[in-house]
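Here it is, written out as structure tokens:
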């Protein structure tokens, strides 16, 4: 098999310049002020796919952000691979914690810093360049290729779900290939065989019809923040478990085999504490960190606010307070069922004098694939050849809501072949992508496509 | 005694125009961006005092915002009254809840809407115009008058305390007169004989050294918001009491006499609930609303924030979270002692994996005056003459931290003669001043000065 290393080495600077250009477009799907930026990122992607030699490049408008499609179907009798990724990114606040601005990509210490560097523009870019490399070198691809790239992954893929249903035939494939997950660590490749589901809700508490002076009213009226704090504190028990009735009903206990597989990840909890500068890890009693993150459901408060947040003191009794909550789901947990249970708990625990409103949001199911699937073995060999190590099969704590839908609607296995690192601050300030995995990722994808 | 009603009626429009000019200066003492505005408000006040006929008008710079002094000492053998007030105002957010902008004064329904309309520019303005009226009509005042007006009342009067100590002789007076409190209701005058003390602190929780992705880490690491929520929820028990060890040590139980006096306020709790659109009032078990607010200490969360607050969902585990807390104090509670006790509680209840920092802020002691003091009787007669009703002696839940200092350092009784209404949204959006009490306040002050 041909060695593509010199090809990529020669073009490395040009490739990185190109990626930086894409990363400098603030395609934050969650914020309507960036709608135009998201569109620009889609157009940039369509151009890049054309330059790579892909055909039938289309930007499909949706009710939200567009879906970009492209294909190259000139390998008759060969399997078809559908490559999925997303060109939208997470919001960037708190902005003051970024060392360089999130949309001014900067390379330091062989790491590319920018929002979207690893999640997911950087990883998706590897596929475009791997295909461009094979096409321009060999004038043909070893498989048929389709790209389906969305701009709403960070906001739950609301329009991609019906798009897949409506374009089943167009998207038909023998496998779906996604790079939006992680290695275990530098030179420790991993193939993800399970993803947690995700559901979200927003809780608002209202007390009086206006903020009140804490001198005139303090001690005699409900305080929206006190009510919300009491409500939220009731969601977990003292053993770190979610205290919502029936929350664990559809979660099976871990078998000894599964515990053994998690142990193989070899996560050093002491080292993790040092890295994160934590005095203690925290979670459900009776599970290791790997088990908690890989196989247990969660309920997290992602944001909360109410009352006075400015400089100084304001002696006010706030009349409204808000919280954003997401749950990660596993096994047979159904997002709608969990949202209903959490909402029921919230209504039941609302303190006197408070009125609560709940808005349900995203709903993505958990996904798993059998680690013995032949395609995963091929992917494993590709990693081994480039990284010099066989990948571990892991279950990842993250959620890619669309994975379960692809698998179900297209009846195709989904290969989750990630090149990120767990330390790359995705969804947080100073997101980055280690360029060692940029280089190795390009080669691994070429290897995999050729072994397909 | 001469009737000043025609005098004030004739000048009403001009007086309101003048007051609106002052109210349009955003003198928010808590926000450093408004430092220059606070200075402009002080200069406006100095000019107004000069126009009123006061002498020795001085703007004293301090380490913070200036103190304005003026006097008129041409009544030999007569008592001296020191008039105190403040020209600074509270912050204005949440701005979107204001019906008209806080610094564009607007009269609707005989109410003057603006930040500071009732607290305290509007009320202080009454004294300036009352004195101007007597001076311009009778060319003499019945008493010697001094003004001492600060720009830091809303941020705990940090520089006025040492100023009073350093200028004891200059400020010497037989009584201190303050209009920064409330009537019981329209045509129900009240004289405040007790004020709660105030202390403040800010709590910050830190967990990991960066925000983390809730997929990769969720369920396995501490969440700063969970930790803060648990910490804050521990500050009250299920009976609405502050759960901090020793918090009530220096609070005496209410006597039957005191309960009877509170009952006289005649607060209709059902009506209060309707006015505030509350399903239920809330507070310490075993006390009425009036008792809770007038004679019981509190701990209130005034603001809280952490994590993602924007539009949409962000699956982040926040690494920091913040809360602002104030306590209202009564009886012999010492602000420093209470802050230390609350801080000790917070440190003791910090959940695993969280690091807490506490910054102590304001410290003001509670104040009381004997309701049978002769000056309070005179003030009562002045109200009765204008309002047609004898005032009730009340203990107010609010705090004017400097009152206790004036009384102690100058050895003078402090007469708290307020013209605000409990419904005027002070410290909240849509603060206003009912102009009926603007008109009656002017006459009441003239009456009181003449009876002194």
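Residue numbers (this note's numbering), protein chains in the order written: chain A, 29 to 480; chain B, 29 to 480.
By construction, the Cβ of each residue, glycine as well, lies at the ideal position given by its N, Cα and C atoms.
These numbers were taken from a predicted model, which means no experiment stands behind them.
Fill in: Straight-line Cα distance separating residue 201(A) from residue 354(A)
For residue 354(A) and residue 201(A), the distance between alpha carbons rounds to 32 Å.
Discussion item. Taking CB distances under 8 Å as the criterion, tell me whether residue 343(B) reaches chain A.
Written reply: At a cut-off of 8 Å between beta-carbon atoms, residue 343(B) makes contact with chain A.
Discussion item. Using a Cβ-Cβ cutoff of less than 8 Å, which residues in the same chain neighbour residue 278(A) once the five nearest sequence positions on both sides are dropped?
Written reply: Non-local C-beta neighbours of residue 278(A) in its own chain, meaning closer than 8 Å and more than five positions away in sequence, comprise 359, 360, 361, 362 and 365, ordered along the chain.
Worksheet item: Taking Cβ to Cβ, would you say residue 332(B) is nearer than 8 Å to residue 335(A)?
Response: Using a Cβ distance threshold of 8 Å, residue 332(B) and residue 335(A) count as a contacting pair.
Worksheet item: What residues of chain B sit near residue 130(A), judged by a beta carbon separation below 9 Å?
Response: The contact set of residue 130(A) on chain B, defined by CB atoms closer than 9 Å, is empty, because the minimum CB distance reaches about 13 Å.
Worksheet item: Any C-beta of chain B sitting closer than 8 Å to the C-beta of residue 118(A)?
Response: So yes, residue 118(A) belongs to the interface.
Worksheet item: chain B partners of residue 260(A), CB-CB under 7 Å?
Response: Close to residue 260(A), with beta-carbon spacing below 7 Å, are these residues of chain B in chain order: 257.
Worksheet item: Less than 8 Å separating the beta-carbons of residue 399(B) and residue 221(B)?
Response: Yes.
Worksheet entry | Backbone CA spacing between residue 342(A) and residue 114(B) [nearest angstrom] | For residue 342(A) and residue 114(B), the distance between alpha carbons rounds to 16 Å.
Discussion item. Distance check for residue 259(B) and residue 276(A), CA to CA, integer angstroms please.
Written reply: Rounded to whole angstroms, residue 276(A) to residue 259(B) spans 26 Å at the Cα level.
Practice prompt. Please compile the residues from chain B whose C-beta is within a distance smaller than 9 Å of the C-beta of residue 183(A).
Written response: Those are 340 and 341, listed as they occur along chain B.
Discussion item. For a cutoff of 8 Å on Cβ pairs, would you count residue 395(A) as touching chain B?
Written reply: False, the Cβ-Cβ gap to chain B never drops below 8 Å.
Discussion item. Just to make sure I have the definition right: I need the residues of chain B whose C-beta is within less than 7 Å of the C-beta of residue 214(A). Which are they?
Written reply: Those within 7 Å of residue 214(A) in chain B number zero; the least Cβ separation is about 16 Å.
Practice prompt. Would you tell me roughly how many angstroms separate the C-alpha atoms of residue 229(A) and residue 75(B), rounded to the nearest one?
Written response: Going from the Cα of residue 229(A) to the Cα of residue 75(B) covers about 55 Å.
Worksheet item: In terms of residues, what are the limits of the beta strand (DSSP E) holding residue 83(B)?
Response: The continuous beta strand (DSSP E) containing residue 83(B) extends over residues 83-88.
Worksheet entry | Per-residue burial, residue 123(B) [other beta carbons within 10 Å of its own, 16 or more giving buried] | Exposed, because fewer than 16 other Cβ atoms sit within 10 Å of the Cβ of residue 123(B).
Practice prompt. Under 7 Å Cβ to Cβ from residue 385(A), same chain only, skipping five residues before and after it: list those, please.
Written response: Residues of the same chain with a CB within less than 7 Å of the CB of residue 385(A), apart from the 5 flanking positions on each side, are 232 in chain order.
Worksheet item: For residue 462(B) versus residue 455(A), is the C-beta spacing smaller than 8 Å?
Response: In this structure, residue 455(A) does not lie closer than 8 Å to residue 462(B) by Cβ.
Discussion item. For the ligand SAH, is there any heavy atom lying closer than 7 Å to the beta carbon of residue 127(B)?
Written reply: This structure lacks the ligand SAH; in fact it carries no ligand of any kind.
Discussion item. When you compare the segment 193-207 of chain B with the segment 302-311 of chain B, are there three or more beta-carbon pairs, one atom per stretch, that lie closer than 8 Å?
Written reply: Flag = no, the segment 193-207 of chain B and the segment 302-311 of chain B do not touch.
Practice prompt. Could you spell out the range, first to last residue, of the beta strand (DSSP E) harbouring residue 155(A)?
Written response: Careful: residue 155(A) lies outside any beta strand (DSSP E), inside the alpha helix (DSSP H) at 149-166.
Discussion item. Using only the alpha-carbon positions, how far apart do residue 40(A) and residue 447(A) sit?
Written reply: Residue 40(A) and residue 447(A): Cα-Cα distance of roughly 17 Å.
Worksheet item: In terms of alpha-carbon separation, which member of 449(B), 105(B) and 459(B) lies closest to residue 344(A)?
Response: Comparing C-alpha distances from residue 344(A) to each of 449(B), 105(B) and 459(B) shows the shortest one belongs to 459(B).
Discussion item. By the three-class DSSP mapping on this structure, what secondary structure does residue 237(B) have?
Written reply: The three-state secondary structure of residue 237(B), taken from DSSP, is coil.
Discussion item. Per DSSP, what are the beta-bridge partners of residue 371(B) in this structure?
Written reply: DSSP links residue 371(B) through a beta bridge to no other residue.
Worksheet item: For chain B, is any of its Cβ atoms less than 8 Å away from the one on residue 320(A)?
Response: Residue 320(A) counts as touching chain B.
Worksheet item: Shorter than 8 Å from the beta carbon of residue 290(A) to some beta carbon of chain B?
Response: Output row for residue 290(A): interface = no.
Worksheet entry | For residue 98(B): DSSP bridge partner residues | Under DSSP, residue 98(B) shares a beta bridge with 175(B).
Discussion item. Relative to the C-alpha of residue 54(A), which candidate in 440(A), 72(A) and 131(A) has its C-alpha closest?
Written reply: Checked all of 440(A), 72(A) and 131(A); the closest Cα to residue 54(A) is 131(A).
Practice prompt. Kindly indicate the opening and closing residues of the beta strand (DSSP E) around residue 303(B).
Written response: Run containing residue 303(B): none in the beta strand (DSSP E); it sits in the alpha helix (DSSP H), 297-304.
Worksheet entry | Boundaries (first-last residue) of the alpha helix (DSSP H) holding residue 71(A) | First-last of the alpha helix (DSSP H) with residue 71(A): 63-80.
Worksheet item: If you run the structure through DSSP and keep just helix, strand and coil, what is residue 280(A)?
Response: Looking at residue 280(A) - three-state DSSP - the assignment turns out to be coil, as it is neither helix nor strand.
Worksheet item: Using the beta-carbon count (16 or more within 10 Å), is residue 164(B) buried or exposed?
Response: Counting Cβ neighbours within 10 Å, residue 164(B) comes out exposed, since fewer than 16 surround it.
Worksheet item: If you compare alpha carbons, which of 449(B), 377(B) and 146(B) is closest to residue 256(B)?
Response: Nearest option by C-alpha distance: 377(B).
Worksheet item: Under a three-way DSSP split, which group does residue 484(B) fall into?
Response: Any question about residue 484(B) goes unanswered here, given that chain B covers just 29 to 480.
Worksheet item: Where do the N-terminal and C-terminal ends of the beta strand (DSSP E) with residue 223(B) fall, by residue?
Response: For residue 223(B), the enclosing beta strand (DSSP E) starts and ends at 218-223.
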